[in-house]
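K.L.:
Before anything else, here's the structure in question.
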Amino acid sequence: MKPTDIPTFAANQLTLLDAELKAELEETSLLVSQSSPTALQRAGVAILNLQVSSQRTGLGGKTVIDLELDPVVGGGDIPEHGIRTGDIVSVQEQPSGSAKKKEKNELVKKGADGVVLKVSPGTVAVALDKEEVDVPGGKLWLVKLANDVTYKRMNQTMVRMQKLTDSEYTPFMRVLFGLGSPSPLPADLSNSDTGVGKIEWIDSSLNGSQKDAIRFAMASREIALIHGPPGTGKTHTLIELILQILQRKLRLLVCGPSNISVDNIIERLAPHKVPMIRLGHPARLLPSVLNHSLDVLTRTSDAAAIVQDIRKEMDQKQASIRKTRNGRERRAIYGDLKELRKEFRERERGCVDNLVRESKVVLATLHGAGGFHLKNQQFDVIIIDEASQALEAQCWVPLLAASKAVLAGDHLQLPPTIKSVNSKSKAKVSTEGTKFEDKKSPGITLETTLFDRLLALHGEQIKRMLTTQYRMHEKIMAFPSKELYDSKLQAADSVKTRLLIELPYEVRETEDTKEPIVFYDTQGGEFPEKTEDEEVGKKAGKGMSLGESKSNELEASLVKLHVRNLVDAGVKAEDIAVVTPYNAQLAILSQLLKEQFPGIELGSVDGFQGREKEAVIVSLVRSNAEHAVGFLGEKRRLNVAMTRPKRHLCVIGDSETVGRGNKFLKRWMEFLEENADLRYPDPSDILERAR
C-alpha cells in the first residue's frame, strides 16, 4: 500500500462522516416524523404519559429530572420500552391526538434534550443538556434521538489534521501514514540485553504468544498491533501490558470504541489497586466501575469537599423553582443559579484537573478522549482496545497528540457498522465476501479501520498474534483456524475436548450433548426462506423495522426442537444462545423461544460479537432456488457466528444454497459434512415434534 497524503485522507473522511451522520439522522427523523407517539412507543423509542417527580443538580451543574408515569393514566411501572441508560433523548410536552404539524413542531422547540442517567421500573432519570432550562409542565413524553456528539469530535479532529503542515507532522504520524518507517526492533526481544530488559511477569499463567505480544508492544517505538482471535485472551494480555508499562513509570491513556470495552478493562485492573480514573458520563458506565469515575471521585476525593456546599445550595434553588410560578421570583432564582453554576464549574474544574493529572492511567471511550478534561494532558503510551471495531477517524481523536500507540483487535471479525447509502450503494460482492469501495479514494472507506490500513501499509512486522485459544472445543475451532488464521490457533488443554456432558452440573449423555458440532442440512428446498416486511416485527410485538429481511419458519421450528432437546438433557437455558444474521428470523425465534425457555439468549450475529456461550445454535435462514446468500457471504460475519460456542455448535442451513454462495461458504459446508454430526431433518416430523 502506498503512503497516504494526510490532508487528502482527512478531507475524504470528512465527506464520508458527513454522509454517515446524515444517514443516521435521516433514519431517526423519518421514524419520528412519520410515526405517531403511540407508534414510537410501540417501536420502543419513546415513553408516553410522563411527569417530573423531582429535579436536582448533577455533574457539571447539569439539571437532572426524574420522570414517572402520570397518575392520571394509573401511575405504577413504566410500560416495556427500548430506552437505555446513556441514550440521547428529547423531553417534550406530549401532543394531543388531534395536534397539527405546526403545533407539534412548537412543542419540539420548547422541549429539552439530555442523556438518560438511570432507568428503573418506575422512573427514568435524564440529565438535561441546557443549564437554564424551564422543564415543560403537564403531560410529557421522551423520544430517543440520534447521537451526533461522536461525529462532532471526529469532524473536529479531521479538520485539525487537514490543516496541519508538513513540518507539524510528528514522527508517529509519519509512520502511521507511510511517510516514515517503524523503528527497527532487535531480533530477539526476550534477550534481556537487546530486548526490553528483564520482565517480572505479574500473571504467571500467560502463554508464550501473550508474553511475546507484550514484549513486542513494549519494545515498539511508534506502533504495535496485537491481533487477538476469538478466545485468545486479548484483554488478559492488555491488563499485563498496562501493569508492565506502569512499572516503568510511564503514563497511559486506555481507550475503546464503546463504554463496555473500556469498562471491561477497568473491572480487570481494579484488583491490582491501580490509581486510575474513568472519564465519561456516569449514565453510560457499568455500576462496578463507578468508583473510578470522575463523577464519583469529584464527590468523594479530598478536593471534592469544597464543591459540595455549592451543589447543595444549587439543589435548594432547583427545588424552589418548582414551587413558584411567579415570573419575577423564577427569574431571580435563575439569576442566582447562573452565578452559582459559574462558581461551581470553576471549583469543579480545578478538582477535576488535579484528579486527572495525578492519575497514572486514564480510561475513556475514543470520542470521550476528545473532551476538555484531557486538553493539554500528555501520555507516554495510548492503548486502543477493540481497534478493529472503531472508525479510523474515531481513533485519531486521542492519537493526534500521541507518540506511541498499541492497537488490539481482530480485523477478521466484523468491522464497525456503516449506515450511509454512499458506501452501501457501491458494494461489490466478490467470491470471498463483500467489500465496500469509495471511488475517490479506492480501498479507504469508513469500513477500513486503522488496524486494517496499518496492516496493509506495513505488513506483519508491526503485528503479533495470540495463538492459544481458551474458549472452543478443538473441532469447533478447526475451520476458522485453518481458513482465517493460517492454522496457527491452538486449543488450550483445558478446553480442547470439553463437551456439554462435562458441564459443572448434571447433563445426560444424548446424541446432542456428546457432540461438539451438529449440522442439520435442510437441502432439498423443503425449508424455503421468506422475504419479510415490517409487519413481521409488529406481529412479534417488537415494532422493529425489518425492511427486506429474511426469515425461515421451518428452520425456526427446528431451532426450537434442538433447544428443547438440550434443555431436556439438563443444559440450562441461560447457557444456550441462538444467533442468526436476519432480524426477521430473530423476531420469529423470539416468539417461539422466549416464553418457553426463560434465560435463553437470542441475538443477531452482529450483536453477539465479543460474547460466548456453552452452546450456540446458528440459524442461517437462506434457502432458495437461485442460491442467493446476500450478506451471509461476508466471512467475517460467519467467523463471529462460528466462534461463539465453548462446547457445542449447532448449524442449521441449506448446504445447496449456502455452499454455492462463494468459495469460503463452499469450504465451510464441506467441513461440516465431514466433521459434524450430520442430520437431514424431515419437515413434517419437525412440525409435529416442535408443537
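Okay, so the sequence shown: first residue is 248 according to the numbering used here, each after it adds one.
The beta-carbon is built from N, C-alpha and C at its ideal position, and this holds for glycine as well.
Compare the Cα-Cα distances from Val390 to each of Ser282, Leu659, Glu593 and report the closest residue.
P.N.:
Checking every option, the nearest Cα to that of Val390 belongs to Ser282.
K.L.:
Taking the straight line between their C-alpha atoms, what separation do you get for Leu867 and Glu721?
P.N.:
Roughly 22 Å separates the two Cα atoms.
K.L.:
How would you label Ala434, buried or exposed, when you count the other beta carbons within 10 angstroms and need 16 or more for buried?
P.N.:
Exposed: under 16 other Cβ atoms inside 10 Å.
K.L.:
With DSSP run on the structure shown, which of helix, strand or coil describes Asn830?
P.N.:
Correct three-state label for Asn830: helix.
K.L.:
Taking buried to mean at least 16 other C-beta atoms within 10 Å of its own C-beta, is Pro326 buried or exposed?
P.N.:
The residue in question, Pro326, is exposed, as its Cβ has fewer than 16 Cβ neighbours within 10 Å.
K.L.:
Just to confirm, are Val852 and Ala888 a CB contact at a threshold of 8 Å?
P.N.:
Cβ distance < 8 Å, so Val852 and Ala888 count as in contact.
K.L.:
So, for Gly361: in the same chain, excluding its five sequence neighbours on each side, which residues have a beta-carbon less than 7 Å away from its beta-carbon?
P.N.:
The residues are Val336, Val338, Val373, Ala374, Leu375, Asp376.
K.L.:
Leu766 lies in the beta strand (DSSP E); which residues open and close that run?
P.N.:
Checking the sequence, you will find Phe at residue 766 rather than Leu. Its beta strand (DSSP E) spans residues 764-768.
K.L.:
So, helix, strand or coil for Glu679, using DSSP?
P.N.:
Confidence is the limiting factor: at Glu679 the pLDDT is only 32, short of 50, which leaves the residue's position unreliable, though a coordinate-based value still follows. Glu679: coil per DSSP, three-state reduction.
K.L.:
Tell me, which residues are paired with Met712 by DSSP?
P.N.:
Its beta-bridge partners are His474.
K.L.:
On the premise that Pro504 lies in contact with Leu613, defined as a C-beta separation below 8 Å, what is that separation, rounded to the nearest angstrom?
P.N.:
Indeed they touch by this definition, with Cβ atoms about 6 Å apart.
K.L.:
Give me, in chain order, the residues of the same chain whose beta-carbon lies closer than 6 Å to that of Val939; leave out the 5 immediate sequence neighbours on both sides.
P.N.:
With the chain covering 248 to 938 only, the question about residue 939 has no answer from this structure.
K.L.:
So Ala293 packs on Pro284, CB below 8 Å; how close in whole Å?
P.N.:
Correct: roughly 6 Å between the Cβ atoms.
K.L.:
Under a three-way DSSP split, which group does Ala525 fall into?
P.N.:
The residue asked about is misnamed: residue 525 is Arg in this sequence, not Ala. Arg525: strand per DSSP, three-state reduction.
K.L.:
If we require 4 or more residues per run, which alpha helix (DSSP H) segments fall completely within the segment 355-430?
P.N.:
List check, alpha helix (DSSP H) in window: 396-410, 418-423.
K.L.:
Thinking C-alpha only, which one of Leu833, Lys797, Gln832, Lys841 is nearest Arg811?
P.N.:
Residue Lys841 is the option with its Cα nearest to Arg811.
K.L.:
List the whole-angstrom C-beta distance separating Lys651 from Asp632, where the pair is believed to meet the contact cut-off of C-beta under 8 Å.
P.N.:
Wrong, their Cβ atoms sit about 16 Å apart, outside the cutoff.
K.L.:
Can we count Gly656 as close to the ligand MG, meaning its CB is less than 7 Å from some heavy atom?
P.N.:
Absent from the structure shown: the ligand MG. Ligands present: none.
K.L.:
Among residues of its own chain, excluding the 5 on either side of Ser635, which ones have a beta-carbon nearer than 6 Å to its beta-carbon?
P.N.:
Once the five neighbours on either side are set aside, the close Cβ partners of Ser635 are Gly656, Asp657, His658, Thr696, Phe698.
K.L.:
For the alpha helix (DSSP H) containing Gln457, name the first residue and the last one.
P.N.:
Counting along the chain, the alpha helix (DSSP H) containing Gln457 begins and ends at 455-466.
K.L.:
Are there three or more Cβ pairs, one per stretch, closer than 8 Å when the segment 755-766 is compared with the segment 880-898?
P.N.:
Touching, per the Cβ criterion.
K.L.:
Determine the contact status of Leu263 and Leu693, defining contact as a CB-CB distance below 8 Å.
P.N.:
Yes, the pair counts as a contact, with Cβ atoms nearer than the cut-off.
K.L.:
Kindly indicate which residue of Asn394, Gly358, Pro892 has the alpha-carbon position closest to the one of Lys386.
P.N.:
Considering only alpha carbons, the answer is Gly358.
K.L.:
For the alpha helix (DSSP H) containing Gln494, list its first residue and its last residue.
P.N.:
That run of the alpha helix (DSSP H) goes 481-494.
K.L.:
Closest to Ile492 by CA distance: which of Val599, Gly597, Arg462, Ala862 is it?
P.N.:
The residue with the shortest Cα to Cα distance from Ile492 is Arg462.
K.L.:
Near Phe844, what residues of its chain come up, given a Cβ to Cβ distance below 7 Å and the 5 sequence neighbours on each side ignored?
P.N.:
Excluding positions up to five away in sequence, the list reads Val810, Val814, Ala820.
K.L.:
Rounding to the nearest angstrom, what Cα-Cα distance links Ala464 and Leu526 in this structure?
P.N.:
Going by the C-alpha atoms only, they are around 25 Å apart.
K.L.:
Indicate whether at least one CB of chain D lies closer than 8 Å to the CB of Ile933.
P.N.:
This model lacks chain D altogether; it includes just one protein chain.
K.L.:
Check Gln641 in the structure and name its three-state DSSP category.
P.N.:
Gln641: helix per DSSP, three-state reduction.
K.L.:
CB-CB under 6 Å to Tyr829, same chain, minus the five flanking residues each way: which ones, in chain order?
P.N.:
Hits under 6 Å: Ser796, Lys797, Val868.
K.L.:
Could you say if the segment 869-876 and the segment 899-908 meet the contact criterion of at least three C-beta pairs nearer than 8 Å?
P.N.:
Contact holds: three or more Cβ-Cβ distances are below 8 Å.
K.L.:
Decide if Trp388 is buried, meaning its Cβ has at least 16 other Cβ atoms within 10 Å, or exposed.
P.N.:
With 16 or more other Cβ atoms within 10 Å, it is buried.
K.L.:
Can you give the beta carbon distance from Val521 to Val653, rounded, assuming they're within the 8 Å contact cut?
P.N.:
Actually they do not touch by this definition, with Cβ atoms about 17 Å apart.
K.L.:
What residue range is occupied by the uninterrupted alpha helix (DSSP H) comprising Ile513?
P.N.:
Run containing Ile513: 506-516, per the alpha helix (DSSP H) assignment.
K.L.:
Less than 8 Å separating the beta-carbons of Ile524 and Leu646?
P.N.:
No, these two residues do not count as a Cβ contact at 8 Å.
K.L.:
Answer yes or no: do Leu839 and Ile933 have a C-beta to C-beta separation smaller than 8 Å?
P.N.:
For Leu839 and Ile933, no; Cβs fall outside 8 Å.
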